[in-house]
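Contents: one structure, followed by commentary.
Residue numbers (the working numbering): 1 to 211.
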């Protein structure tokens, strides 16, 4: 499990030619880091008299981000888990008609499963961005740059997750299901990147910088 690995060990594995972790796991980890940074902002806000009127909302955000972080880390492991049967399906023999049909069925099932994991990643990272929007507005002013960094991690995670959906759906034979997944992914990435850019712009304005 990713939570039990040292970051250096995991990064070495990511850099190697091992099939997993890959872009999906890295996306999930990026989303989890965005959620963790959001929690830091919340913890720097809670208990301060200046932010007493928003403390309850920030506390709720802290709890939600903690759950999202755990869920995204679990999805990093799940992404690696679903890749193995997909890789095995690619290697199935297809010499006879029966083998071809068996391989096609296995491919379709595993491509769908491998698409649903990054879809969940995308949904979770959009949820992270929703909370970061509140943190930018109501969180501690001394940590506003950390909100901006968190947003960029979540934005990258979202875009990475969506690419991992597309690389699987393009090989699916059932185009109705594939296009349904693609459309949902398109909506999530559109919604999430728009929000991320808006929050990041507000952070830059507070910092006196420009995009």
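Glycine is no exception: its CB is placed at the ideal position from the N, C-alpha and C atoms.
These numbers were taken from a predicted model, which means no experiment stands behind them.
Item                                                                                                                                                                          : Value
On the criterion of 16 or more Cβ atoms from any shown chain inside 10 Å, does residue 98 qualify as buried, or is it exposed?                                                : exposed
Look at the alpha carbon of residue 186 and the alpha carbon of residue 133, and state the distance between them as a whole number of angstroms.                              : 21 Å
What span of residues does the alpha helix (DSSP H) with residue 93 cover, start to end?                                                                                      : Taken as a continuous stretch (DSSP letters only), residue 93 belongs to no alpha helix (DSSP H), as it is neither H nor E.
In three-state terms, what does DSSP make of residue 5?                                                                                                                       : coil
Does the Cβ of residue 155 have 16 or more other Cβ atoms within 10 Å, making it buried, or fewer, making it exposed?                                                         : buried
Going along the chain, which residues of its own chain have a beta-carbon closer than 6 Å to the beta-carbon of residue 34, five neighbours each way excluded?                : 128, 150, 153, 154
Below 8 Å on the Cβ atoms is my contact criterion, and I expect residue 126 with residue 203 to pass it. Report the Cβ-Cβ distance as a whole number of Å.                    : With a Cβ gap of about 18 Å, residue 126 and residue 203 do not count as contacting.
Can you list, in chain order, the residues of its chain with a C-beta nearer than 6 Å to that of residue 36? Leave out the 5 residues immediately preceding and following it. : 69
Taking C-beta to C-beta, are residue 161 and residue 27 nearer than 9 Å?                                                                                                      : yes
How many Å lie between residue 104 and residue 82 at the Cα?                                                                                                                  : 17 Å
At what residues does the alpha helix (DSSP H) containing residue 175 begin and finish?                                                                                       : 175-207
Evaluate contact between the segment 48-60 and the segment 76-93, counting only Cβ atoms and requiring at least three cross-stretch pairs below 8 Å.                          : no
Compare the Cα-Cα distances from residue 139 to each of 13, 75, 6, 58 and report the closest residue.                                                                         : 58
Is DSSP giving residue 113 helix, strand or coil here?                                                                                                                        : helix
Classify residue 197: buried if its beta carbon has 16 or more other beta carbons within 10 angstroms, exposed otherwise.                                                     : exposed
Under a Cβ-count criterion, where at least 16 other Cβ atoms within 10 Å of its own Cβ denotes burial, should residue 101 be classed as buried or exposed?                    : exposed
Do residue 136 and residue 46 have their C-beta atoms within less than 9 Å of each other?                                                                                     : no
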